[in-house]
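First up is the structure itself, then whatever we jot down about it.
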Amino acid sequence: MIKMTSLAKLTLLVGLCTSTAVSANALKKTEFGFSGYIKLDAIASSYSDGTLGTGSIGRDFYIPSLTPVGGNDEETQFDAHIRQSRFRFTTTTEMENKQTIKGVLEFDMQVVPDGNERISNSHQPRVRHAFLQYGNWLMGQTWSTFQDVKALPETMDFIGVTDGTVFARQAMIRYTHGNFQVALENPETTVTPYGGGGRIVTDDGAVPDVVVRYQQSADWGHFAAAFLARQLSYQNKTGDLNIDTTETSYGLSLTGKVKFGQDDLRVMFTTGSGLGRYLGLNVANGAVLDANNELNAIDSTGFTIAYRHLWDSQWRSNLMYSQFTADNDTSLTGTGVTKTTYSTRVNLVYSLTKALSFGGEYTFAKREVESGLEGDMNRLQFSAKYAF
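With positions in the sequence shown counted from 1, the corresponding number in this note's numbering is that position plus 156.
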């Protein structure tokens with residue numbers, strides 16, 4: 157036990173009082189916000205050529221690379237979960253220089269390796285967004301500047317048009333000036349071994365990914381163009397291995413939304429060399445190793461198109477199509493890698509109030525690998541969502 161002298165006690169008391177006064181003064185200049193939603197998803201899935209095992213995240217939401225191929229048809233799988241539910245905390249603080257700083261911290265329960273369906277169905281929260289905004293600067297983790305969140309359609313699935321969609325959240329420093337944004341974002345390289353095999357996630361990046369983005373908004377909707385440049389890197393000098401290789405990667409993404417009265421059309425087109433994890437939830441890796449242990453970038457292209465129609469003030473529907481294609485050099489990757497995937501879906505959403513909505517969605521998806529094996533998925537999903 158540590159004993160404190162009278163002088164130490166007095167010093168501590170003064171410090172606590174001072175700290176409390178400073179905190180109280182800061183709280184007076186800070187506005188707090190809290191939002192999010194509670195969502196139930198009930199999903200029935202059937203596959204033509206296999207199944208997804210217990211605990212697979214492909215049973216919680218659609219992941220193109222997980223559609224089984226070359227297996228046996230099994231019975232329909234039914235799953236229900238609340239993992240997409242999320243909570244968002246925001247703060248706005250006026251500082252001594254009369255400028256404001258904004259903070260965002262958001263959680264959900266997707267993609268966490270815990271919980272089971274036997275008894276409690278418990279799930280840990282995970283961080284989605286955590287960033288600050290000061291003036292034209294953003295620092296922290298949020299949507300990649302290469303991604304256009306405003307072009308995503310409304311789906312019951314977590315993403316929906318996943319095949320051809322840029323989707324990434326990561327740490328970054330971003331500067332915004334008018335319609336332009338420039339960002340330095342956290343790098344990561346995914347690699348296919350020579351001849352095929354399990355994915356290698358290198359974590360060997362020496363320089364950040366660079367994104368330049370332009371967006372124009374108007375009454376008719378918006379248009380955005382984003383350019384990505386990055387270095388793919390892999391080092392492995394364990395045992396007899398002596399791998400130290402880099403490759404340049406680049407990508408272009410054109411996206412937008414066009415309004416037709418209350419309806420709208422949303423489109424996304426992305427192509428590049430070494431896109432890897434940025435497109436389709438990493439359907440293809442960024443690069444493949446050759447016989448000399450050098451990286452060769454894998455070209456890939458994806459696109460989506462979605463039309464939203466409002467039947468009246470409470471009912472609406474979305475019709476969507478999305479596709480991904482990889483240009484694999486099978487002499488390097490082998491024939492077990494994904495060649496193409498696509499999905500189409502349609503939904504009907506009813507909003508009882510602005511806060512409470514119910515929806516049903518049908519999805520058909522297909523995946524083909526370079527060997528010619530293919531498989532498809534049929535999925536029905538029902539969702540109930542309370543937003544606050």
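Virtual Cβ for every residue (Gly too), placed ideally from N, Cα, C.
Please report the distance separating the alpha-carbon of residue i from that of residue j.
i       : j       : result
Thr-411 : Ile-461 : 10 Å
Glu-231 : Ser-202 : 7 Å
Ser-527 : Ala-339 : 39 Å
Thr-298 : Tyr-434 : 14 Å
Gly-377 : Asn-449 : 47 Å
Asp-359 : Leu-408 : 23 Å
Thr-401 : Arg-355 : 17 Å
Asp-485 : Thr-223 : 22 Å
Thr-509 : Val-423 : 28 Å
His-465 : Ser-191 : 27 Å
Tyr-218 : Lys-254 : 46 Å
Thr-321 : Asp-455 : 15 Å
Arg-535 : Gln-289 : 40 Å
Glu-252 : Lys-258 : 14 Å
Arg-553 : Val-283 : Only positions 157 to 544 of the chain appear in the structure, and residue 553 is not among them; the question remains open.
Val-267 : Gly-296 : 20 Å
Leu-488 : Phe-459 : 26 Å
Leu-208 : Val-225 : 11 Å
Ala-440 : Arg-239 : 26 Å
Thr-491 : Asp-216 : 28 Å
From what residue to what residue does the alpha helix (DSSP H) around residue i run?
i       : result
Thr-496 : Not the alpha helix (DSSP H): Thr-496 falls in the beta strand (DSSP E), residues 494 to 507.
Thr-394 : No alpha helix (DSSP H) contains Thr-394, which DSSP labels as neither H nor E.
Leu-553 : Any property of residue 553 remains undetermined from this structure, which presents the chain solely from 157 to 544.
Thr-486 : 486 to 489
For residue i, which residues does DSSP report across the bridge?
i       : result
Tyr-518 : Val-502 and Leu-536
Val-268 : Per DSSP, none; premise fails for Val-268.
Lys-195 : Lys-541
Val-366 : Leu-340 and Ala-385
Val-347 : Ile-356 and Ala-443
Lys-415 : Asp-420
Considering only the beta carbon of each residue, do residue i and residue j sit closer than 7 Å?
i       : j       : result
Gly-436 : Phe-480 : yes
Ala-142 : Phe-302 : No answer is possible for residue 142: it lies beyond the span of the chain, which begins at 157 and ends at 544.
Ala-543 : Met-533 : no
Leu-451 : Leu-388 : yes
Ser-568 : Asp-235 : The structure shown does not extend to residue 568, since the chain spans only 157 to 544, so no value can be given for it.
Tyr-518 : Val-502 : yes
Leu-294 : Arg-330 : yes
Gln-280 : Asp-270 : yes
Pro-349 : Leu-445 : yes
Go to residue i, then tell me how far its beta strand (DSSP E) extends in each direction, as first and last residue.
i       : result
Leu-222 : Where Leu-222 is concerned, there is no enclosing beta strand (DSSP E), given that its DSSP letter is neither H nor E.
Ser-478 : 471 to 483
Thr-332 : 325 to 333
Leu-308 : Careful: Leu-308 lies outside any beta strand (DSSP E) and carries neither H nor E.
Trp-376 : Element bounds for Trp-376: n/a, residue is neither H nor E.
Gly-296 : 293 to 299
Within the present structure, is the beta-carbon of residue i separated from the nearest heavy atom of the ligand ADP by less than 6 Å?
i       : result
Ser-241 : In the structure shown, the ligand ADP is absent, as is every other ligand, since no ligand is present at all.
Is the shortest distance between the beta-carbon of residue i and the beta-carbons of chain D less than 7 Å?
i       : result
Leu-183 : The question asks about chain D, but that chain is absent: this structure has only one protein chain.
Contiguous beta strand (DSSP E) assignments of at least 3 residues, all confined to the stretch 422 to 468: Complete beta strand (DSSP E) runs here, min 3: 443 to 445, 451 to 453 and 455 to 466.
Those runs of the beta strand (DSSP E) which lie wholly inside the stretch 201 to 288 and span at least 3 residues: 233 to 237, 242 to 250 and 256 to 264, all fully within the stretch 201 to 288.
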